[in-house]
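Each residue of the sequence shown is one higher than the one before, starting from 187 at the first, in the numbering used here.
From the three backbone atoms N, C-alpha and C, an ideal C-beta is built for every residue, glycine too.
As structure tokens, the structure follows; a few thoughts come after it.
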Amino acid sequence: MFAGGIVSNITVYQEDFNSGINGPGQFTSTIASTGGSSPANSAWTVRANGYNAGPPTWFATFNSNDNSSFVLSNSDAQGSGTPSVPSITRTRLTSPPIDLTAYTTASASFYHHLNRFLTSDITRVQVTTDGGTNWTDLISFNADQGTPTFLCKFSWI
């Protein structure tokens, strides 16, 4: 006798960032930010729960949903730029490859906060099925999402 069915509630990959980023098997941070006095300061960085960016940027304390470490890309940290060379933040946080070939469906969820300052500010969640050559948007955020102390949960099924 053979029985089959849908396998569900299996966690294929989970990350709490307590081990950091940019190491083997971890998320990687890449930046293409320009302008400002220190574009590299906009890179995704692991922060401890209760992190305060402080002046001259934010006056807020950031807390994760479960009091663990989290990653933050702070566009204000790169500096404001000038009218002739504006400050443009472009950062990417990429997971290591996740093999889903044994599955017919997948879902993802995470907590996040977006403080939208300019109408051009946007955050995208993307997937690739060809090793990063082509990317497909799952969703784009172009409005404030949550607060530094109350993160929004995003779920994609």
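- If you draw a straight line from the Cα of T214 to the Cα of P269, it is about 31 Å long.
- If only complete runs of 3 or more residues are kept, the segment 208–280 shows the beta strand (DSSP E) at 214–217, 231–233, 256–258, 277–280, in order along the chain.
- With respect to the 8 Å criterion, I217 and R276 are classified as neighbours on the basis of their beta carbons.
- Membership of L324 in the beta strand (DSSP E) is indicated by the continuous run 322–327.
- Rounded to whole angstroms, the separation of the alpha carbons of K339 and A229 is 22 Å.
- Bridge pairing for T309: F327 [DSSP].
- By the Cβ neighbour-count rule, S219 is buried, with 16 or more other Cβ atoms within 10 Å of its own.
- Only exposed fits Q200, as fewer than 16 other CB atoms lie within 10 angstroms of its CB.
- The three-state secondary structure of H298, taken from DSSP, is strand.
- Shown here for V271: same chain residues with a beta carbon closer than 7 Å to its own, the five before and five after excluded, namely G221 in chain order.
- Sequence-distant Cβ neighbours of S261 in its own chain, meaning closer than 6 Å and more than five residues away, are S228, T275.
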